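Novice: Next up is a structure, given as structure tokens.
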Amino acid sequence: MWSLFFGDSHQKSEAMNSTILFLAMAMTIMLLVPGAHGQQQPKVRKLSPKSSSASSSASSSASSSVSSSASSSNSANSCDDLEMIIADLESNLCSPAPTPGPTELCYGDDTKEEYLLSILTSITDEAILLDEDTPQGMAFDYLLDNDICGKTTIEQRYGLATLYFATNGLSWTNNEGWLGENQECEWYGVICDTNPRATDLVLATNNLDGKVPNEISTLFMLEKLDLSANSIRDTIPDGLSLLTRLEVLDLQKNLLEGPAFPNSITGLSTLESYRVNSNSLSGTVPSEIGNLQSLEELWAADNEVTGTLPTELGNLIRLKYFELQENKISGALPSEIGRIPLEDIRVYSNFLQNTIPSQLFSVTSLRSIRFEKNFLYGPLPSQIGLLTDLENLRLQENNLSGQIPSEIGRTTSLETLRLDNNFWVGTIPDVFQYFENLEFFDISNNLLTGSIPTTLFSIPAIRLVYMSNCSLSGAIPEEYANPPLLRDLWLDGNGITGTVPSISSGKLENLNELLLHDNFVSGSMPESICDLRFEDFLDDLWSDCGGLNPKIACDFPNCCNRCFEAEC
Numbered sequence: 001m002w003s004l005f006f007g008d009s010h011q012k013s014e015a016m017n018s019t020i021l022f023l024a025m026a027m028t029i030m031l032l033v034p035g036a037h038g039q040q041q042p043k044v045r046k047l048s049p050k051s052s053s054a055s056s057s058a059s060s061s062a063s064s065s066v067s068s069s070a071s072s073s074n075s076a077n078s079c080d081d082l083e084m085i086i087a088d089l090e091s092n093l094c095s096p097a098p099t100p101g102p103t104e105l106c107y108g109d110d111t112k113e114e115y116l117l118s119i120l121t122s123i124t125d126e127a128i129l130l131d132e133d134t135p136q137g138m139a140f141d142y143l144l145d146n147d148i149c150g151k152t153t154i155e156q157r158y159g160l161a162t163l164y165f166a167t168n169g170l171s172w173t174n175n176e177g178w179l180g181e182n183q184e185c186e187w188y189g190v191i192c193d194t195n196p197r198a199t200d201l202v203l204a205t206n207n208l209d210g211k212v213p214n215e216i217s218t219l220f221m222l223e224k225l226d227l228s229a230n231s232i233r234d235t236i237p238d239g240l241s242l243l244t245r246l247e248v249l250d251l252q253k254n255l256l257e258g259p260a261f262p263n264s265i266t267g268l269s270t271l272e273s274y275r276v277n278s279n280s281l282s283g284t285v286p287s288e289i290g291n292l293q294s295l296e297e298l299w300a301a302d303n304e305v306t307g308t309l310p311t312e313l314g315n316l317i318r319l320k321y322f323e324l325q326e327n328k329i330s331g332a333l334p335s336e337i338g339r340i341p342l343e344d345i346r347v348y349s350n351f352l353q354n355t356i357p358s359q360l361f362s363v364t365s366l367r368s369i370r371f372e373k374n375f376l377y378g379p380l381p382s383q384i385g386l387l388t389d390l391e392n393l394r395l396q397e398n399n400l401s402g403q404i405p406s407e408i409g410r411t412t413s414l415e416t417l418r419l420d421n422n423f424w425v426g427t428i429p430d431v432f433q434y435f436e437n438l439e440f441f442d443i444s445n446n447l448l449t450g451s452i453p454t455t456l457f458s459i460p461a462i463r464l465v466y467m468s469n470c471s472l473s474g475a476i477p478e479e480y481a482n483p484p485l486l487r488d489l490w491l492d493g494n495g496i497t498g499t500v501p502s503i504s505s506g507k508l509e510n511l512n513e514l515l516l517h518d519n520f521v522s523g524s525m526p527e528s529i530c531d532l533r534f535e536d537f538l539d540d541l542w543s544d545c546g547g548l549n550p551k552i553a554c555d556f557p558n559c560c561n562r563c564f565e566a567e568c
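Going by the UniProt record's numbering, 140 is the number at position 140 of the sequence shown; the sequence numbering is gapless.
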């Protein structure tokens, strides 16, 4: 009979036929010869009953076969039984053996556990994988409970599952599909290419709470990782260094600590956007930052970054948005910053010293400069006039000095100009006639002299004008009533003389605060101004209307709601 299993196909066929014939003859003898099979009942294949009547008929037929004598050997029931036995034998002998499933094939001679360990121990230590209390161990158990084949697929699903367990996935705002039966590319926040390999992982504002594991490195095709606005803790993981295709990394608004610019980041040459603002990150800005030559956005504001800014910043030849405000950075702004095609630079609320490098003003793409609340000193370079697209210039609360250059009149795209709380001297240049978009002008708390520029009130968009606590002189210009959107006009704390000009009906209907105290303004407050108070347009009207000998007559509290005894 061994020829049934060995030899060529012809030999196998003949052997199978012989075997069938032999077994059929044996069964015939057992059925026809009484006592040939002792006292045993014949083994008849149990068929799945189609109905209760069919089952009853089969049972009756079997009982009849057992009780038959040799004289009834030619009965129809015995022949039917024999045919069924032969057919069953042919089926069992000729049917191929069941083939293993696809997942069984990928294990080879290993168990599933051995197979998975052979792949995952190159990523995670085996002891950690076998510890069921770790996120890695939980992810390993998850893989054991699921049929999955292929090294890359296993690694990808393992990395995602580890992130899920490491950040308390059960409590995510949206965890639809995660660890379910669907392919991981159908899990919430996961976007894949056609291979399928994860290219985007976006779980922003999703209540992730925990640490990003180093196993994130298994997502080696990732181009975008956005975990912003969660409760991500600990440090920026080293595993990010293996994401060599990463273009966008957004970890802002979390609870991260440690270096803001670790080695795992400064080696990512494809990185275009790096956002880690509003964490508790520290350390310095390393010279290796210059390696990120694809970088367009660098946001690391609202952290604890210290040290000075390296000259290698000048190597970031694609950088457009640079935000390092609200840190503890000191030293000078490097002149190499003038080589960067910046549009927006924000380094306010630091400890920057020295002068503003003139090279910065050769970056004509600039739209916003925010250097306020530092310790910068020296003049504002006349090259400021080159920035014709500049919309936002904020230099307040520094130690800047000298005269405000008249070239500032060329920055006609300005919307906000704040030069307050410095040491500017000289006069305010009267160069605002070509401005159309300026809304916010603040020159308060300086050493300025001269008169109020009349062209300032020719700007149709102007809303906020603050010129308090300088040494301005002359009269309030008649044009002050022209801006239709003017809300605040603070002229207090100067040496302004003359009277308050009256206004025409319908003027200054958006005016909310008019501060005129601590000046030398005399006469009476015009009725047209008091009418603004009566009509609930003007909330605050302050003047030198107090004391026994007020400098200006103003009905308190109906017109002026606060009166001062000015001492200028």
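For each residue, glycine too, the CB sits at the ideal point set by N, CA and C. Nothing here was measured: the structure is a model prediction, and the numbers come from that model.
So is Glu478 buried or exposed if we call it buried at 16+ other beta carbons inside 10 Å?
Specialist: Mapped onto the sequence shown, residue 478 falls at position 478. Flag for Glu478 reads exposed.
Novice: For the beta strand (DSSP E) that contains Gln383, what are its first and last residues?
Specialist: The residue given as residue 383 occupies position 383 in the sequence shown. Counting along the chain, Gln383 falls outside any beta strand (DSSP E), and DSSP gives it neither H nor E.
Novice: In the DSSP assignment, the alpha helix (DSSP H) including Glu257 goes from what residue to what residue?
Specialist: As a working mapping, residue 257 is identified with position 257 in the sequence shown. Note, Glu257: premise wrong, no alpha helix (DSSP H); not H, not E.
Novice: Within 10 angstroms of the Cβ of Glu215, are there 16 or more other Cβ atoms? Answer buried if so, exposed if not.
Specialist: Position 215 of the sequence shown holds residue 215. It counts as buried.
Novice: Work out the CA separation of Gln359 and Arg394 for me, nearest whole Å.
Specialist: In the sequence shown, counting from the first residue as 1, residue 394 sits at position 394. In the sequence shown, counting from the first residue as 1, residue 359 sits at position 359. Rounded to whole angstroms, Arg394 to Gln359 spans 18 Å at the Cα level.
Novice: Starting from Leu489, follow its DSSP beta bridges and name the residues at the other end.
Specialist: Locating residue 489 in the sequence shown gives position 489, where the first residue counts as 1. Leu489 is bridged to Val465 and Leu514.
Novice: Note down the Cα distance separating Ile404 from Val431, rounded to an integer number of angstroms.
Specialist: Taking the first residue of the sequence shown as position 1, residue 404 is located at position 404. Taking the first residue of the sequence shown as position 1, residue 431 is located at position 431. Each residue's Cα considered, the two are about 11 Å apart.
Novice: Return the CA-CA distance between Asp502 and Ser528, expressed in angstroms with no decimal places.
Specialist: Looking up residue 502 in the sequence shown gives position 502. Looking up residue 528 in the sequence shown gives position 528. First, the residue type needs correcting, since residue 502 is Ser and not Asp in the sequence shown. Distance between the alpha carbons of Ser502 and Ser528 is about 6 Å.
Novice: So, under 8 Å CB-CB, Glu312 and Ser273 are touching, yes? Tell me the CB distance rounded to an integer number of Å.
Specialist: To locate residue 312, count along the sequence shown from 1; it is residue 312. To locate residue 273, count along the sequence shown from 1; it is residue 273. 19 Å between Cβ atoms; not a contact.
Novice: With H, G and I counted as helix, E and B as strand and the rest as coil, what does DSSP make of Leu400?
Specialist: On the sequence shown, position 400 is the one that residue 400 refers to. Leu400: strand per DSSP, three-state reduction.
Novice: Where Trp2 and Gly150 are concerned, what is the direct C-alpha to C-alpha distance, given to the nearest angstrom?
Specialist: Walking along the sequence shown from the start, residue 2 turns up at place 2. Walking along the sequence shown from the start, residue 150 turns up at place 150. Unreliable placement is indicated for Trp2, whose pLDDT of 40 sits below 50; the coordinate value is still reported in the next sentence. Their Cα atoms are separated by approximately 39 Å.
Novice: Quick one: grab the DSSP three-state call for Asp141.
Specialist: For the purposes of this step, residue 141 is taken as residue 141 along the sequence shown, with counting starting at 1. Of the three classes helix, strand and coil, the one that applies to Asp141 here is helix, per DSSP.
Novice: Distance check for Leu256 and Asn561, CA to CA, integer angstroms please.
Specialist: Residue numbering aside, residue 561 sits at position 561 when the sequence shown is read from its first letter. Residue numbering aside, residue 256 sits at position 256 when the sequence shown is read from its first letter. Each residue's Cα considered, the two are about 50 Å apart.
Novice: For Tyr274, list the residues DSSP reports as bridge partners.
Specialist: By 1-based counting over the sequence shown, the position of residue 274 is 274. In DSSP, Tyr274 forms a bridge with Leu249 and Leu298.
Novice: How about the segment 213-230 and the segment 175-184: do they share at least three Cβ pairs that are nearer than 8 Å?
Specialist: no
Novice: Could you compute how far the alpha carbon of Ile128 sits from the alpha carbon of Lys211?
Specialist: By one-based count along the sequence shown, residue 128 stands at place 128. By one-based count along the sequence shown, residue 211 stands at place 211. Rounded to the nearest angstrom, the two C-alpha atoms are 16 Å apart.
Novice: Going by beta-carbon coordinates alone, are Phe351 and Ser330 separated by less than 7 Å?
Specialist: If you number the sequence shown from 1, residue 351 lands on position 351. If you number the sequence shown from 1, residue 330 lands on position 330. Contact: yes.
Novice: Measure the C-alpha to C-alpha separation of Ser406 and Ser473 and round it to an integer number of angstroms.
Specialist: Counted from its first residue, the sequence shown places residue 406 at position 406. Counted from its first residue, the sequence shown places residue 473 at position 473. Approximately 20 Å between the Cα atoms of the pair.
Novice: Could you round the C-beta distance between residue 623 and Arg487 to whole angstroms and report it? I think they count as a contact, below 8 Å.
Specialist: The requested residue 623 is not part of the displayed model; the chain covers only 1 to 568.
Novice: Grouping DSSP H, G and I as helix and E and B as strand, with all else coil, what is Tyr107?
Specialist: As a working mapping, residue 107 is identified with position 107 in the sequence shown. The DSSP-derived three-state label of Tyr107 is helix.
Novice: Are at least three pairs of beta-carbons, each pair with one atom in the segment 227-236 and one in the segment 182-199, less than 8 Å apart?
Specialist: no
Novice: Rounded to the nearest angstrom, what separates Asp540 and Leu366 at their Cα positions?
Specialist: Reading the sequence shown from its first residue, position 540 is the one you call residue 540. Reading the sequence shown from its first residue, position 366 is the one you call residue 366. Roughly 37 Å separates the two Cα atoms.
Novice: So, for Asp442: in the same chain, excluding its five sequence neighbours on each side, which residues have a beta-carbon less than 6 Å away from its beta-carbon?
Specialist: To locate residue 442, count along the sequence shown from 1; it is residue 442. The residues are Arg418, Asp420 and Tyr466.
Novice: What does Gly331 pair with, by DSSP beta-bridge criteria?
Specialist: By one-based count along the sequence shown, residue 331 stands at place 331. For Gly331, which the question treats as bridged, DSSP gives the partners Leu352.
Novice: In this structure, does DSSP put Ile128 in helix, strand or coil?
Specialist: As a working mapping, residue 128 is identified with position 128 in the sequence shown. Reduced to three states, the DSSP call for Ile128 is helix.
Novice: On the DSSP bridge list, what partners appear for Trp542?
Specialist: Locating residue 542 in the sequence shown gives position 542, counting from the first residue. Partner(s): Leu515 and Arg562.
Novice: Taking all protein chains shown into account, do 16 or more other C-beta atoms lie within 10 angstroms of the C-beta of Ala553, making it buried, or fewer, making it exposed?
Specialist: As a first step, residue 553 must be located in the sequence shown, where it is residue number 553. Per the 10 Å Cβ criterion, exposed.
Novice: With the cut-off set at 7 Å, would you say Asn558 and Asn519 are in Cβ contact?
Specialist: In the sequence shown, counting from the first residue as 1, residue 558 sits at position 558. In the sequence shown, counting from the first residue as 1, residue 519 sits at position 519. Not closer than 7 Å, so no.
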